[in-house]
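Asks: These protein sequence lines map, in sequence, to chains A and B.
Residue 77 is where the first sequence starts when you use the numbering used here, and the numbers rise one by one after that.
Residue 11 is where the second sequence starts when you use the numbering used here, and the numbers rise one by one after that.
We treat Cβ as the ideally placed atom computed from N, Cα and C, and that holds for glycine.
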Amino acid sequence: MLVSEIPLDSSALNKSMVNFSAGALVTFEGWVRNLNEGKEVIALEYEAYSSMAEKEGLKIIEEAKNKFKIIDAKAVHRVGKLNLGDIAVWVGVSSKHRGVAFDACEYIIDEIKTRTPIWKKEHYVNGDSGWVNCEHKH
Amino acid sequence: MKNITILYFAKLREEANKRDELLKTEANTAIEVFNFLKEKYNFSLSEDYLRVAINDEFAEWDDKITDNDILVFIQPVAGG
Chain A
77 MLVSEIPLDS SALNKSMVNF SAGALVTFEG WVRNLNEGKE VIALEYEAYS
127 SMAEKEGLKI IEEAKNKFKI IDAKAVHRVG KLNLGDIAVW VGVSSKHRGV
177 AFDACEYIID EIKTRTPIWK KEHYVNGDSG WVNCEHKH
Chain B
11 MKNITILYFA KLREEANKRD ELLKTEANTA IEVFNFLKEK YNFSLSEDYL
61 RVAINDEFAE WDDKITDNDI LVFIQPVAGG
C-alpha cells in the first residue's frame with residue numbers, strides 16, 4: 077500500500093493491475109461525500125503517519141493474499157486537502173474468477189479503515205471543522 | 011536517561027502545536043511518557059481512546075521503551 081500526496085488516477089491504477097492469468101479485477105474507490113453524520117461537508121484533509129500506514133497496509137495486502145486465492149492486490153490512500161468527489165482511497169484485486177476478488181477487496185478496505193494510521197479532518201459549511209472519531213472523547 | 015522521539019499527528023499535533031520532538035526521559039514505559047506529555051499539553055484524548063506505536067508497530071502501553079525509540083500516539087483512525 078502507498079500513501080499519495082497527488083490525486084489518484086483510477087484508470088492508470090486499473091491498468092497497473094493487468095495480468096494475463098487474471099479473469100477479474102475488482103476495485104473499490106472511496107469518495108469524498110458532502111454529508112457526514114448530518115453535517116454538510118465542503119472539503120476535507122487526510123493526514124497519515126505514512127511510514128507506518130504503508131507497512132500496516134502491506135501486512136493487510138499479504139493477509140488478503142493468504143486468505144483468498146487472488147493473483148494480486150494493491151491499495152493507495154490519498155493525503156492532503158481533498159474536494160468533494162475526489163478519490164480518497166483506491167483498492168484493486170485481481171484473480172482468476174470474480175468471487176474471491178470481491179471478498180478480498182472488502183477485506184482490504186475494512187482493515188484499512190480500522191488499522192492504518194490515517195486521520196480525516198472535515199470542514200463544514202457552517203465554518204466548523206473537526207477530526208473524525210476524535211472529538212468529544214475524554 | 012533515554013533519548014526518544016515523539017511524532018504528533020492530527021488532533022494531537024494541533025494540541026501540542028508541533029510535529030515532533032526529542033525527549034530526554036527517565037520513563038520506563040510508553041504510558042509513563044504519554045502521561046507526562048498529556049499533562050504538558052493538556053491533551054483532550056485519554057489513553058483509553060488511543061493506541062501507541064513504537065518504531066512503526068502497534069505496541070502495548072506497558073511496553074518498555076529504549077534509547078532512540080520513536081513513539082506515536084495513535085488516535086482513532088478514519089482512513090477510507
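1) Could you list which residues in chain B have their beta carbon closer than 8 Å to that of A180 of chain A, in chain order?
2) Would you report the Cα separation of L47 of chain B and K91 of chain A, rounded to the nearest angstrom?
3) State the start and end residues of the unbroken alpha helix (DSSP H) segment that holds G215 of chain A.
4) Let me see if you follow: with CB-CB separation under 8 Å, is H153 of chain A close to chain B or not?
5) Using a Cβ cut-off of 8 Å (strictly closer), state whether A20 of chain B contacts chain A.
6) Does DSSP put A63 of chain B in a helix, a strand or coil?
7) Does the Cβ of H214 of chain A have 16 or more other Cβ atoms within 10 Å, making it buried, or fewer, making it exposed?
8) Given a limit of 8 Å on CB to CB distance, which residues of the segment 53–64 of chain B reach chain A?
9) Tell me whether E198 of chain A sits in a helix, a strand or coil according to DSSP, three-state version.
10) To be precise: take each residue of the segment 114–125 of chain A, compare its Cβ to all Cβ atoms of chain B, and keep it if any distance is under 8 Å. Which residues remain?
11) Check whether the segment 50–69 of chain B and the segment 120–132 of chain A touch, using three or more Cβ-Cβ pairs below 8 Å as the test.
12) Hey, out of B:Q85, B:I16, B:G90, whose CA is closest to L120 of chain A's CA?
Replies: The short version:
1) Within 8 Å Cβ-Cβ: nothing; A180 of chain A doesn't reach chain B, min ~16 Å.
2) 47 Å
3) In this structure chain A extends from 77 to 214, so residue 215 of chain A is not present and cannot be described.
4) yes
5) yes
6) strand
7) A caution first: H214 of chain A carries a pLDDT of 47, below 50, which makes its placement in the model unreliable, though a value can still be read off. So H214 of chain A ends up on the exposed side.
8) S54, L55, S56, Y59, A63
9) strand
10) Y122, E123, A124, Y125
11) yes
12) B:G90
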